[in-house]
Amino acid sequence: DAKTTQPTSMDCAEGRAANLPCNHSTISGNEYVYWYRQIHSQGPQYIIHGLKNNETNEMASLIITEDRKSSTLILPHATLRDTAVYYCIVRVRNALIFGKGTTLSVSS
Amino acid sequence: KAGVTQTPRYLIKTRGQQVTLSCSPISGHRSVSWYQQTPGQGLQFLFEYFSETQRNKGNFPGRFSGRQFSNSRSEMNVSTLELGDSALYLCASSTQTGRGETQYFGPGTRLLVL
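Listed in order, the protein sequences are those of chains A and B. Quick note: the first sequence uses my numbering, first residue 1, plus one each step. Quick note: the second sequence uses my numbering, first residue 1001, plus one each step.
As structure tokens, this is what we get:
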């Protein structure tokens, strides 16, 4: 499976957009990009996923570059409850292979 | 629709014992995957079951095993517990097996081995 690289930590002010980057330069054509987040040792929460096109749902937007080597998760209006570890996962088989993720801290 | 449920939520065992954890998937989901989370190794895939068959397995010793029942509920068993097995064990379910199927996680079972 392709490996992902994410910054260890990021800060964001409440109400502002949080843009979380992820590099996956070795991604193959049939590998999906998934984003999950985990709040304080709860079970990971699914956010969004995509293959080639940009995606948007009620939680976030996913922007995938045309060459698919990187992507950005956008939380449009971050709140304190968005403070969590965010995992970018490139998945080709049934298993999700988690990296260390990005710790996003949202402050007022 | 109810989410993934896991029982028990917390468990304390001693070295050498065995333990069985249970997972009930979201109604209609037929695939169940198990993960282990520790501070040192992070989240690691254990195995996946679909239609009562193991479809995929991570790099864990044979002490870790699982099964799935006809109603899609799954159990995982760890025999001869070691201190390093202390972890949060997470179960995730999806409708089908496959790379495009979203997995939804339960709250986990926190196991402490003394």
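Even glycine gets a Cβ: it sits at the ideal position worked out from N, Cα and C.
Selection from the options that minimises the alpha carbon distance to residue i
| i | options | result |
| --- | --- | --- |
| B/L1011 | B/S1086, B/G1098, B/S1094 | B/S1086 |
| A/G10 | A/R91, A/I89, A/V85, A/E31 | Checking the displayed sequence, the identity of residue 10 of chain A turns out to be Met instead of Gly. If we check each option's Cα against that of A/M10, A/V85 comes out closest. |
| B/Q1078 | B/T1053, B/T1005, B/K1001, B/L1112 | Sequence check: residue 1078 of chain B is Val here, not Gln. Closest option to B/V1078, Cα to Cα, is B/L1112. |
| B/S1031 | B/R1067, B/F1060, B/Y1089, B/L1114 | B/R1067 |
| B/F1064 | B/W1034, B/T1038, B/S1070, B/F1050 | B/W1034 |
| B/T1053 | B/Q1036, B/N1059, B/S1074 | B/S1074 |
| A/G29 | A/T102, A/L51, A/Q38, A/A17 | A/L51 |
| A/Y87 | A/G43, A/E55, A/H77 | A/G43 |
| A/I48 | A/Q38, A/L62, A/I39, A/S41 | A/L62 |
| A/H106 | A/R93, A/L80, A/V90, A/I89 | Correcting the residue type first, residue 106 of chain A is Val in the shown sequence and not His. Looking at the Cα atoms, A/L80 is the closest of the given residues. |
| A/Q38 | A/T83, A/T4, A/I89 | A/T83 |
| A/C91 | A/A78, A/I27, A/G15, A/A60 | Contrary to the premise, residue 91 of chain A reads as Arg rather than Cys in this sequence. That would be A/I27, whose Cα lies nearest to the Cα of A/R91. |
| A/Y46 | B/P1008, B/A1092, B/F1050 | B/A1092 |
| B/S1072 | B/T1109, B/S1051, B/G1062 | B/S1051 |
| B/Q1017 | B/L1083, B/T1005, B/N1059, B/K1057 | B/L1083 |
| A/A60 | A/S70, A/K69, A/N19 | A/N19 |
| A/C12 | A/I89, A/T5, A/L75 | A/L75 |
| A/H24 | A/I64, A/L104, A/S108 | A/I64 |
| B/P1047 | B/P1039, B/Y1089, B/T1080, B/T1014 | Checking the sequence, you will find Phe at residue 1047 of chain B rather than Pro. Ranking the options by Cα distance to B/F1047, first place goes to B/Y1089. |
| B/Q1036 | B/T1007, B/R1009, B/F1060 | B/F1060 |
| A/T5 | A/A17, A/P21, A/E14 | A/P21 |
| A/K69 | A/I89, A/R16, A/T8 | A/I89 |
| B/G1107 | B/V1019, B/P1025, B/L1081, B/F1069 | Checking the sequence, you will find Pro at residue 1107 of chain B rather than Gly. Cα-wise, what sits closest to B/P1107 is B/P1025. |
| A/R93 | B/G1058, B/G1062, B/S1070 | B/G1058 |
| B/G1062 | B/S1070, B/L1081, B/Y1049, B/F1069 | B/L1081 |
| A/S71 | A/R16, A/A78, A/N54 | A/N54 |
7 Å Cβ cut-off: residues of chain E touching residue i
| i | result |
| --- | --- |
| A/L96 | Considering every chain present, this structure includes no chain E. Its protein chains are A and B. |
Residue i, DSSP secondary structure in three states
| i | result |
| --- | --- |
| B/R1067 | strand |
| A/L62 | strand |
| B/R1009 | coil |
| A/D11 | strand |
| A/G50 | strand |
| B/L1088 | strand |
| A/R81 | helix |
| B/L1083 | helix |
| A/R91 | strand |
| B/G1058 | coil |
| B/Q1036 | strand |
| B/E1052 | coil |
| A/P21 | strand |
| B/V1004 | coil |
Residues, ordered as in the chain, of the segment 24-48 of chain A that lie near chain B by beta-carbon distance below 9 Å: Answer set for the segment 24-48 of chain A: N30, E31, Y32, Y34, Y36, Q38, S41, Q42, G43, P44, Q45, Y46.
Under 8 Å (Cβ pairs) to chain B, residues found in the segment 80-91 of chain A: Going along the segment 80-91 of chain A in chain order, one finds Y87, R91 with a Cβ nearer than 8 Å to chain B.
The segment 1043-1053 of chain B in contact with the segment 88-101 of chain A per 3-pair CB rule at 8 Å: In this structure the segment 1043-1053 of chain B touches the segment 88-101 of chain A; the number of beta carbon pairs closer than 8 Å is three or more.
Contact list for the segment 1066-1100 of chain B against chain A, Cβ threshold 9 Å: Under the 9 Å Cβ criterion, the segment 1066-1100 of chain B contributes L1088, L1090, C1091, A1092, S1094, T1097, G1098, R1099, G1100.
Any 3 or more C-beta pairs closer than 8 Å across the segment 1089-1107 of chain B and the segment 30-44 of chain A: With a cut-off of 8 Å, the segment 30-44 of chain A and the segment 1089-1107 of chain B count as touching, because enough Cβ pairs lie within range.
Residues of the segment 61-78 of chain A whose Cβ lies closer than 7 Å to any Cβ of chain B, in chain order: Residues: none.
Interfacial residues, the segment 1027-1040 of chain B to chain A, with Cβ spacing under 9 Å: For the segment 1027-1040 of chain B, the set of positions with a beta-carbon nearer than 9 Å to some beta-carbon of chain A reads S1031, S1033, Y1035, Q1037 in chain order.
Three CB pairs or more closer than 8 Å across the segment 1087-1096 of chain B and the segment 1020-1030 of chain B: Between the segment 1087-1096 of chain B and the segment 1020-1030 of chain B, the count of C-beta pairs closer than 8 Å reaches three or more; the two stretches touch.
Residues from the segment 1047-1058 of chain B in contact with chain A, defined by Cβ distance under 7 Å: So the close ones are E1048, R1055, N1056, G1058.
Proximal residues, the segment 1-19 of chain A versus chain B, C-beta separation under 7 Å: Among the residues of the segment 1-19 of chain A, none has a Cβ less than 7 Å away from any Cβ of chain B.
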